[in-house]
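Peer 1: Protein chains in written order, with our numbering: chain A, 1 to 300; chain B, 301 to 600; chain C, 601 to 900; chain D, 901 to 1200.
Glycine included, each C-beta is placed from N, C-alpha and C at the ideal position.
My questions all concern the structure below.
Number of protein chains: 4
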Amino acid sequence: MSLSTILGEIAQEMAARTDRGQVADYIPQLAAVDPDQFGISVCLADGTQQSAGDSATPFSIQSISKVFALALALGRLGDQLWSRVRREPSGLAFNSILQLESEQGIPRNPFVNAGAIVTTDAALGQRPPKEYLAELLTFLRSAAGDEDIHIDRAVARSETETGHRNFALAHFLKAHGNLTNPPELTLGAYFHQCAIAMSVEQLARAGRFLAGLQHLIARERVRRINALMLTCGHYDASGDFAFRVGLPGKSGVGGGILAIAPGKASIAVWSPGLTQQGNSRLGTEALELLTRRTGWSIFG
Amino acid sequence: MSLSTILGEIAQEMAARTDRGQVADYIPQLAAVDPDQFGISVCLADGTQQSAGDSATPFSIQSISKVFALALALGRLGDQLWSRVRREPSGLAFNSILQLESEQGIPRNPFVNAGAIVTTDAALGQRPPKEYLAELLTFLRSAAGDEDIHIDRAVARSETETGHRNFALAHFLKAHGNLTNPPELTLGAYFHQCAIAMSVEQLARAGRFLAGLQHLIARERVRRINALMLTCGHYDASGDFAFRVGLPGKSGVGGGILAIAPGKASIAVWSPGLTQQGNSRLGTEALELLTRRTGWSIFG
Amino acid sequence: MSLSTILGEIAQEMAARTDRGQVADYIPQLAAVDPDQFGISVCLADGTQQSAGDSATPFSIQSISKVFALALALGRLGDQLWSRVRREPSGLAFNSILQLESEQGIPRNPFVNAGAIVTTDAALGQRPPKEYLAELLTFLRSAAGDEDIHIDRAVARSETETGHRNFALAHFLKAHGNLTNPPELTLGAYFHQCAIAMSVEQLARAGRFLAGLQHLIARERVRRINALMLTCGHYDASGDFAFRVGLPGKSGVGGGILAIAPGKASIAVWSPGLTQQGNSRLGTEALELLTRRTGWSIFG
Amino acid sequence: MSLSTILGEIAQEMAARTDRGQVADYIPQLAAVDPDQFGISVCLADGTQQSAGDSATPFSIQSISKVFALALALGRLGDQLWSRVRREPSGLAFNSILQLESEQGIPRNPFVNAGAIVTTDAALGQRPPKEYLAELLTFLRSAAGDEDIHIDRAVARSETETGHRNFALAHFLKAHGNLTNPPELTLGAYFHQCAIAMSVEQLARAGRFLAGLQHLIARERVRRINALMLTCGHYDASGDFAFRVGLPGKSGVGGGILAIAPGKASIAVWSPGLTQQGNSRLGTEALELLTRRTGWSIFG
């Protein structure tokens, strides 16, 4: 069966689903998103791209931005980053503060919120946030081959106003000496990177470098980012995602997931309804169907 | 470079290492093992097997047995097993009891001790332990194509005498209704399966079904066991193992590691010295060198 | 108003109450107790004793026995006991195992189950459990001035059969080297001491030495046991008990509470219905009324 | 022996001690305090006051202010306060954030930092912080009968600059809806109340209402504040303080302790060196000697 047929079937099956999960509602901009949307897009090794559903609609990539921030932070600091953040699954929710207290302010990995704040702080360095955000957008636009990728300012503003839990994490990190910038400054950059809007078509293209279909960073580094996505990319549901989908992936609370089939495909999927753990419900199911039908699982 | 050359070089490099970690010392039989030993063996898709170092010396496979117990338990119960044990990294040490208390006696995964005890209890069913252990040995001997695989009774006896922490886990599981047999019975089976002795040559052959080089169980099930090994196989160092080695793997406190390159190779390595987390120190390093030189990482 | 009138009124008020909490149901002997019972008894400094309600009915003293076991353990070991158990509120449930793991097998205090098992192990020493239990009964009978105090063997047997959580604690303590006897042996003594049956009349008399109305142990030791009862005697409801009642007290899951007004009175109360935290619901309320009406709070 | 003689002897013994603990060093103003100082002062039921040592030297009362803030908050809200903060020992360090996460932003008691921030937020209400601080100073000056009690602005400023851990707590509380004011506002009031400077002579007089020697608030409320001080006033060393000293007490990181012997005495002691748990080392020892020599323990 052709990939195009598979994607079309999956989009149809997903359209028929009624148990779509709950849309994130902590800020009005996300709460207002129509839960009935679904989009999927796949970039292949042969350079082609196949899509189905609402594949051109931009959505808030939220935590998927952590993958790109990690790539930039590693570019600036290299392996020094790993003295400030570890590479282990946390076994806890994405916004938990528990381990920070018992582990001296060193977050478990770059994808839980605490670790992503440290990563952004590292990628930011001593530059003004604007400069860092410009670099990030340039990276994304270049990776996606599309200039039309922007930050949604209203989303960034809402995140800042309601982000008390992230402020708690940032102040805790600062108290442990694991934040070089003032909490407000690092969080400013963090909230803006989370507010980047992209479509699955743009996102799948932007992820090609992780699938080895585009050379932007060293292969060794790509492998390691993929390993981190596999073990930590879905927080305390990472084990289940690996078990069911069998691909490295990173989810965002906007309902997007970027998944990587190394050497084969970069895949982006989007459906706004979330599971309890904050990952796209239909997005995960669509990816499970996709790997079952394509045999793309990295596990055999 | 040929695989045989690569393995020879790795064995030589490992022989020269002085920082070998600490041999497990909680029972005399493990404490007495010579720390200077190192063996590696690889079974390939073409049916050949290459080895280097002390590849024919039997060692106590310990927690590597959890992989085979899981295969048997899934064979008996199928997906019903997942109502008794989850599929998530714990973020805690292999013998931690913390999550059992806050998570109502449902262990995080089949590879932490609590989860492995549940898995063994499930694989055991209402049979006498002897019958289950006979089935397990038959499975291993058939998978390895070698009748000379046995349980080291002295090791099993020592484990039983000193295994108070595992008794604590088993009674806790029983208190939560997540153990069908009396704690002593299930632990009897558990301690005996951990005391199976194999060489890396035998172990690499026994793992071929997980690499898809031998058909013993359904491919879907193989994929899932590999996913679990990747996310949970090295306890609270699983993230680091994925990051550095890039293969599903399961370690044992006897110093062995079974690693799987799906479609390509089944790999067994052994060196008795352990890291703080209880995984073979040189074994991990040898696998890191091997995947770097062969390009077998599943992450690109 | 005379104490006799106060007690009579309280018994009447309690008889009218319908929200009596749930009777412990983990063993049949406790589950079968009639929840409508209530008894209270008070021994005064002048040597008199006043009682009301079902004051002569024996009930299972359960964890109240921990106070007397502590007195015996201190008698045998003196301050050496404090190297094996601490003197701090745990902030957790009575049967929690969490802190044992993070605090190297040293329980927080002698009244949480883990700490009581250590205390019993210390009081037991190298003697056969029978000998220790005989000493404990002798102590209680002498303190109460009543030979008719016994162990309910059926209760002890049921506790042993269902006590998997206590077995887990004991094995965990053993694994950390904080149990001198085999877990079964110490638990045998522990389950039997919990199964002692007494009436509130007997219990109030047995508690006189803690109120300074009878000299059995050094005054300094009495003070310290009272301090421990105040801070730890009601587990994770100890703060609330101090806040509402204002007296050192120790509860048991059989529905009894022993409370001490130093220099003034030894008080025993019993009503089988429990709160969520496992303390007698009406017992606590009766004590709150009593201290309000007598002004016996130690807090002013 | 007269109280005056006892205090003189204690001051002499303390002057001879070399193991004085470490002075708090997280802000320069506290780090600069001479560790060799010691002062003690006692107000008795007969209206007299006895002091010894550096009893007129002002020091930063820090967390002792939480007692007075609690009195004001209860005055404003009454028992409604208990829906926002509990009355249980936490079993954790004074600045821990762990329980906030697992207990939905409701702090364990008003004396751990999180609970004190909530209490201050409640006492503050919708007023400007200045107004609340003026009320607090008026209360303290009136209770102590001394107009010369002030806020040390330099200490308040330093606390604000370095108080990232308290900012983390406040934002976490805000995220859970348990802070009515913006975190900066409540913390402004909190840091200023902690920066109040008093001598032990002033502090002992200010504590008389808790000993029942002065009527400022209802007796029932006094009893409850004393109960809270006993169970929670020294954080995770509260059990030990009750065990050794036997009085309700509240410590501050400036080295002060206020202790209450209900009906008998209000006691203030000060020595800047701290234990690991952040309580005055010699202060605690001096109180232990005092209660042993006076027989003031509330436990018999």
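#1: Which residues of chain C have a Cβ atom closer than 9 Å to the Cβ of B:Leu-330, listed in chain order?
#2: Is the Cβ of C:Phe-809 closer than 8 Å to any Cβ of chain D?
#3: My guess is that B:Tyr-432 and B:Ala-422 are in contact by the Cβ rule of under 8 Å, so how many angstroms apart are they, rounded?
#4: Taking the alpha carbon of A:Ala-280 as the reference point, which residue from A:Glu-288, A:Ala-45, A:Ser-251 and A:Arg-293 has its own alpha carbon closest?
#5: Name, in chain order, the residues that DSSP records as bridge partners for D:Ala-1161.
#6: Just verifying my parser: in three-state terms, what is the DSSP assignment at C:Val-667?
#7: Applying the criterion that 16 or more other CB atoms from any shown protein chain within 10 Å of the CB defines a buried residue, is A:Tyr-26 buried or exposed?
#8: For the 8 Å Cβ check, are there 3 or more pairs between the region 1027-1042 of chain D and the region 1078-1092 of chain D?
#9: Could you round the C-beta distance between D:Phe-1064 and A:Ala-175 to whole angstroms and report it? I think they count as a contact, below 8 Å.
#10: Ignore the nearest five residues each way along the sequence and tell me which others in D:Phe-1072's own chain have a CB closer than 8 Å to its CB.
#11: Considering only residues of the same chain and omitting the five flanking positions on each side of D:Arg-1121, which have a CB-CB separation below 7 Å?
#12: Check distances from the C-beta atoms of the region 398-419 of chain B to those of chain C and list, in chain order, the residues that come in under 9 Å.
#13: Determine which residues share a DSSP beta bridge with C:Ala-652 and list them.
#14: In chain D, which residues lie less than 7 Å from A:Ser-96 when you measure between Cβ atoms?
#15: Since I believe C:Cys-832 is in contact with C:Pro-689 (beta carbons under 8 Å), could you give me their beta-carbon distance rounded to a whole number of angstroms?
#16: Note down the Cα distance separating D:Phe-1039 from D:Ala-1104, rounded to an integer number of angstroms.
#17: Excluding the five sequence neighbours on either side, which residues of its own chain have a C-beta within less than 8 Å of the C-beta of B:Asn-409, listed in chain order?
#18: Using a threshold of 8 Å, state whether the C-beta atoms of C:Ala-886 and C:Ile-664 are closer than that.
#19: By the DSSP assignment, the beta strand (DSSP E) with B:Ala-497 in it spans what residues?
#20: Report all residues from its chain with a CB closer than 6 Å to the CB of A:Ser-4; omit the five preceding and five following residues, and keep chain order.
#21: Which whole-angstrom value is the C-beta distance of D:Val-923 and D:Ala-931, which I expect to be below 8 Å?
#22: Quick check on C:Ile-717: does DSSP put it in helix, strand or coil?
#23: Is the CB-CB distance between A:Phe-167 and B:Arg-524 below 8 Å?
#24: Answer with yes or no whether the minimum CB distance from C:Ala-789 to chain B is below 8 Å.
#25: Give the secondary structure of C:Ser-758 by DSSP, where H, G and I count as helix, E and B as strand, and everything else as coil.
#26: Roughly how many angstroms separate the alpha carbons of D:Ile-1117 and D:Ala-971, rounded to a whole number?
#27: Excluding the five sequence neighbours on either side, which residues of its own chain have a C-beta within less than 8 Å of the C-beta of C:Leu-787, listed in chain order?
#28: Which residues, in chain order, does the region 496-521 of chain B contribute to contact with chain C at a C-beta distance below 7 Å?
#29: Which residues mark the beginning and the end of the alpha helix (DSSP H) in which A:Gly-283 is found?
#30: 8 Å is my cut-off, CB to CB: does D:Leu-992 come that close to chain C?
#31: Report the start-end ranges of each alpha helix (DSSP H) in the region 783-841 of chain C that is 4 residues or longer and not cut off at the edges.
#32: Just to confirm before moving on: does the CB-CB distance between B:Val-455 and B:Gln-329 stay below 8 Å?
#33: What are the residues in the region 770-784 of chain C lying within 7 Å of chain B by C-beta distance?
#34: Taking only beta-carbon positions, decide if A:Leu-228 is within less than 8 Å of chain B.
#35: Determine whether the Cβ of D:Glu-988 lies closer than 8 Å to any Cβ atom of chain C.
#36: In chain order, what residues of the same chain have a beta carbon less than 6 Å from the beta carbon of A:Leu-77, not counting five sequence neighbours either side?
Peer 2: Let's see:
#1: Under the 9 Å cutoff, chain C gives no residues; its nearest Cβ is about 17 Å from B:Leu-330.
#2: no
#3: Wrong, their Cβ atoms sit about 10 Å apart, outside the cutoff.
#4: The question names Ala, yet the displayed sequence has Ser at residue 280 of chain A. It is A:Ser-251.
#5: D:Ala-1165
#6: helix
#7: exposed
#8: yes
#9: The sequence given here places His at residue 1064 of chain D; Phe does not occur at that position. Correct: roughly 4 Å between the Cβ atoms.
#10: Ile-997, Leu-1000, Glu-1001, Gly-1005 and Ala-1014
#11: Leu-974
#12: Leu-398, Leu-400, Glu-401 and Ser-402
#13: C:Ile-640
#14: Glu-1001
#15: 5 Å
#16: 14 Å
#17: Val-385, Arg-386, Arg-387, Glu-388, Pro-389, Ser-390, Gly-415, Leu-528, Thr-531 and Cys-532
#18: no
#19: 496-498
#20: Gln-50
#21: 6 Å
#22: helix
#23: no
#24: no
#25: helix
#26: 8 Å
#27: Ile-717, Thr-760, Gly-763, Asn-766, Phe-767 and Ala-770
#28: none
#29: 281-294
#30: yes
#31: 783-794, 800-806 and 819-832
#32: yes
#33: His-771, Phe-772, Lys-774 and Ala-775
#34: yes
#35: yes
#36: Ala-122
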